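**Student:**
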Amino acid sequence: MLQKFIALTAMGAFLASTPASAQLTIYPAKGQSVEQQQIDEGECYNWAKGQSGYDPMQASQYAASGQQRLGGERIGGAARGAAGGAAIGAIAGDAGKGAAIGAVSGTMLGGVRQRQKRASNDQAAAQQQQHFQRAYAACFEGRGYTLK
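When the letters of the sequence shown are read in order and numbered with mature numbering (1 follows the signal peptide of the UniProt record, and there is no 0), they come out as residues -22 to -1, 1 to 126.
1. So, Y123 versus Y23, is the Cβ gap smaller than 8 Å?
2. Mark A7 as exposed unless 16 or more other C-beta atoms lie within 10 angstroms of its C-beta, in which case mark it buried.
3. With distance defined between alpha-carbon atoms, name the residue in K126, R121, Y114 and A97 nearest to G31.
4. Pick helix, strand or coil for E119, following the three-state DSSP scheme.
5. Which residue wins for smallest C-alpha separation from A26, given the options G89, I79 and Q107?
6. Taking DSSP as the reference, what is the three-state secondary structure of residue 144?
7. Could you check which residue in Q111, L125 and K126 has the C-alpha nearest to that of Q29?
8. Are the Cβ atoms of D18 and F118 separated by less than 8 Å?
9. Measuring CB to CB, does L87 end up less than 8 Å from L2?
10. Is Y23 helix, strand or coil when you go by DSSP?
11. List the residues that DSSP assigns as beta-bridge partners of I4.
12. Using the three-state DSSP reduction, which class does Y32 fall into: helix, strand or coil?
13. Could you tell me if Q16 is buried or exposed, where buried requires 16 or more neighbouring beta carbons within 10 angstroms of its beta carbon?
14. Just mark G74 as buried or exposed, buried being the case when its beta carbon has 16 or more other beta carbons within 10 Å.
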């Protein structure tokens, strides 16, 4: 029993520091005890995570994995640009110049693609976080809490 209380207290302390909890004020409108509120926080957190596919504890990992996937856009763009530029340059008589021009152009296009993907990933992460927050709030409302 003591271990369960300690675990719930730790979960409550964590939840108090998460973005979902930071934006919500939760009032036990039906006289729920502190212990019951901590249990409900843990259960609502898990339910919202399951509904949204988003875990605020892992938010930094979502951002990091998105950044890792984006790293090769400029390199790939440079390689494709160099290959295309070399082919065009060979036709024009100077494959080296064509490759250099293609590499620069490809790097620039790769950077544009990288920024577009980053913006798209950021938007998707924000939508998942909002879905989590709505589910988290709905769970509490369903258990008789008042939220602001």
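Positions of the beta carbon are idealized from the N, C-alpha and C atoms, including for glycine. Bear in mind that the values here come from a model prediction, so they are computed numbers and not experimental data.
**Tutor:** Taking the geometry as given:
1. As a first step, residue 123 must be located in the sequence shown, where it is residue number 145. As a first step, residue 23 must be located in the sequence shown, where it is residue number 45. Not closer than 8 Å, so no.
2. On the sequence shown, position 29 is the one that residue 7 refers to. A7 comes out exposed.
3. As a position in the sequence shown, residue 31 is number 53, starting the count at 1. The closest CA to that of G31, considering only K126, R121, Y114 and A97, is found on Y114.
4. For this step, residue 119 is matched to residue 141 along the sequence shown. Helix, per DSSP.
5. Residue mapping note: residue 26 aligns to position 48 of the sequence shown, counting from 1. Among G89, I79 and Q107, the Cα nearest to that of A26 belongs to Q107.
6. There is simply no residue 144 to check, as the chain begins at -22 and stops at 126 in what is shown.
7. Translated into the one-based positions of the sequence shown, residue 29 becomes position 51. The residue with the shortest Cα to Cα distance from Q29 is Q111.
8. Locating residue 18 in the sequence shown gives position 40, counting from the first residue. Locating residue 118 in the sequence shown gives position 140, counting from the first residue. F118 sits close to D18, with the two beta carbons spaced by under 8 Å.
9. What you label residue 87 is simply residue 109 of the sequence shown in a count that begins at 1. What you label residue 2 is simply residue 24 of the sequence shown in a count that begins at 1. For L87 and L2, no; Cβs fall outside 8 Å.
10. As a working mapping, residue 23 is identified with position 45 in the sequence shown. Looking at Y23 - three-state DSSP - the assignment turns out to be helix.
11. Counting from 1 along the sequence shown, the entry for residue 4 is found at position 26. BP columns for I4 point to L125.
12. Working through the sequence shown from its first residue, we reach residue 32 at position 54. The DSSP-derived three-state label of Y32 is coil.
13. For the purposes of this step, residue 16 is taken as the residue at position 38 of the sequence shown. Result: buried.
14. Numbered from 1 along the sequence shown, position 96 holds the residue referred to as residue 74. With fewer than 16 other beta carbons inside 10 angstroms of its own, G74 counts as exposed.
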